[in-house]
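These notes are about the structure you will find just below.
Numbering (my numbering), first residue to last: 20 to 332.
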């Protein structure tokens, strides 16, 4: 197990360096610069580039950037808030994005598992068809479609909830974004839960447990659900990151001061340091989540760990 864990950690470290390299190359290839203001003269632009080290060779810029990122120094904002440390920007916006993303994951998981269980128990019935229909709708439409629909009908027409994010009602302001973002995860979890639950309910050991007279509620809630949750836990890792990255448009719609809106603004104004810092944060979060899930899955089901080792051999 120690060897398996060490390999996963090494792979995660290599992936981080590759992501940093690719991000740096892509951003260097983008047109324009952080100092596109027409009022700035060539002399002033050259002075600014010298101040921030942008006049140095690319390989020096790259190594300086990697060193700074690994030390936790994300630099300062060029345009959005000049000379403000990016770490201060992230400290304000990360909690908001995490709150909405966490609420969306929890809500989508709970509803998805419930729909999946009901669909599996009531196979080929109206409940099964209804749960499948909801899952198809959740997968087919992007989160921003639900966000726009709720923003118009619930926020603008009915005025039940704040149309835009406001600090005076922080929780109420997150309800519509949470619902719009949870639809995809809910649909995905429901599909996985239904498929796994049908397979588990048709297994021999469940038939034996039913023959022994175990109550149906315990049979479903303990024995069947426990085996169904294993693949769902695995798929929740990429779903969580999809919610965080998928919040880019949703945060813009509801004017949420989160990471998504910060990234969009930074791209619009060519604020390179902010772009790199936010994407690096997303990448690190995704790698850590996948690393934890991969290790936990190897602990829960040793067959996965052994199979991977045999393939490498």
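Just so it is clear, CB atoms sit at the ideal spot from N, CA and C, and this is done for glycine as well.
Predicted model only: the values in this text are computed from it and were never measured.
Name the DSSP beta bridge partners of residue 95, please?
Paired residues: 104.
Touch test, the segment 243-252 against the segment 210-230, Cβ-Cβ under 8 Å, three pairs minimum:
Yes: at least three Cβ pairs fall under 8 Å.
By DSSP, does residue 326 sit in helix, in strand, or in coil?
With a pLDDT of 49 at residue 326, under the threshold of 50, the modelled position of that residue is not reliable, and the figure given next carries that caveat. Residue state, collapsed to three classes: helix.
If you draw a straight line from the alpha carbon of residue 162 to that of residue 202, how long is it in whole angstroms?
Their backbone Cα atoms lie some 7 Å apart in a straight line.
Measuring CB to CB, does residue 200 end up less than 8 Å from residue 273?
Contact: no.
Looking at the structure shown, is residue 60 part of a helix, part of a strand, or coil, going by DSSP?
Coil.
Where does residue 61 land, buried or exposed, given buried means 16+ other C-beta within 10 angstroms?
Exposed.
If I'm right that residue 173 touches residue 211 with Cβ under 8 Å, what's the distance once you round it to whole angstroms?
Not confirmed; about 29 Å, so no contact.
Buried or exposed for residue 226, please, with buried defined as at least 16 other CB atoms from any protein chain shown within 10 angstroms of its CB.
So residue 226 ends up on the exposed side.
Assign residue 213 to one of three DSSP states: helix, strand, or coil.
Residue state, collapsed to three classes: helix.
Quick check: the segment 281-298 against the segment 94-110, are there 3 or more CB pairs under 8 Å?
Touching, yes, given that three or more Cβ pairs across the two stretches are closer than 8 Å.
Work out the CA separation of residue 41 and residue 29 for me, nearest whole Å.
C-alpha separation (whole angstroms): 19 Å.
Can you tell me whether residue 190 is helix, strand or coil according to DSSP?
DSSP places residue 190 in coil when its eight states are reduced to three.
With a threshold of 6 Å on Cβ separation, who are the neighbours of residue 39 within its own chain once the five nearest residues in sequence on each side are excluded?
Within the same chain, residue 39 has close Cβ partners 85.
Tell me which same chain residues have a C-beta within less than 8 Å of the C-beta of residue 5, skipping the five on either side of it?
In the structure as shown, the chain begins at 20 and stops at 332. Residue 5 is therefore absent and cannot be evaluated.
Distance check for residue 294 and residue 122, CA to CA, integer angstroms please.
Looking at the two C-alpha atoms, the distance is approximately 25 Å.
Hey, residue 208 and residue 127: beta-carbon distance below 8 Å or not?
Against a cut-off of 8 Å, the Cβ pair of residue 127 and residue 208 comes out as a contact.
Rounded straight-line distance, which links the Cα of residue 306 to that of residue 189:
Spanning the two alpha carbons is a distance of roughly 30 Å.
Please name the residue in 125, 171 and 24 whose C-alpha comes closest to that of residue 262.
Closest in alpha carbon position to residue 262, among 125, 171 and 24, is 125.
Nearest by alpha-carbon distance to residue 95: which of 151, 32 and 290 is it?
In terms of CA proximity to residue 95, 290 leads the group 151, 32 and 290.
Taking only runs of the alpha helix (DSSP H) that begin and end inside the segment 249-309, which ones reach a length of at least 4 residues, in chain order?
List check, alpha helix (DSSP H) in window: 278-287.
If you draw a straight line from the alpha carbon of residue 182 to that of residue 176, how long is it in whole angstroms?
Cα-Cα distance, rounded: 10 Å.
Please classify residue 142 as buried or exposed, where buried requires at least 16 other C-beta atoms within 10 Å of its C-beta.
The residue in question, residue 142, is exposed, as its Cβ has fewer than 16 Cβ neighbours within 10 Å.
Length-filtered (4 minimum) alpha helix (DSSP H) runs lying within the segment 145-184
Runs found: 145-159 and 162-169.
Cβ distance (whole Å) where residue 266 is taken to contact residue 170 below 8 Å
Actually they do not touch by this definition, with Cβ atoms about 15 Å apart.
Here's a check: name, in chain order, each residue in its chain whose Cβ is nearer than 6 Å to the Cβ of residue 158, leaving out the five neighbours to either side.
If we look at residue 158 and ignore the five residues flanking it on each side, its Cβ neighbours are 206.
Classify residue 168: buried if its beta carbon has 16 or more other beta carbons within 10 angstroms, exposed otherwise.
By the 16-neighbour rule on beta-carbons within 10 angstroms, residue 168 is exposed.
Beta-carbon proximity check, residue 134 vs residue 153, cutoff 8 Å:
Result yes, Cβ atoms of residue 134 and residue 153 sit closer than 8 Å.
Quick check on the DSSP output: the alpha helix (DSSP H) that includes residue 87 runs from which residue to which?
Segment 77-89, the alpha helix (DSSP H) holding residue 87.
Note down the Cα distance separating residue 288 from residue 101, rounded to an integer number of angstroms.
Rounded to the nearest angstrom, the two C-alpha atoms are 12 Å apart.
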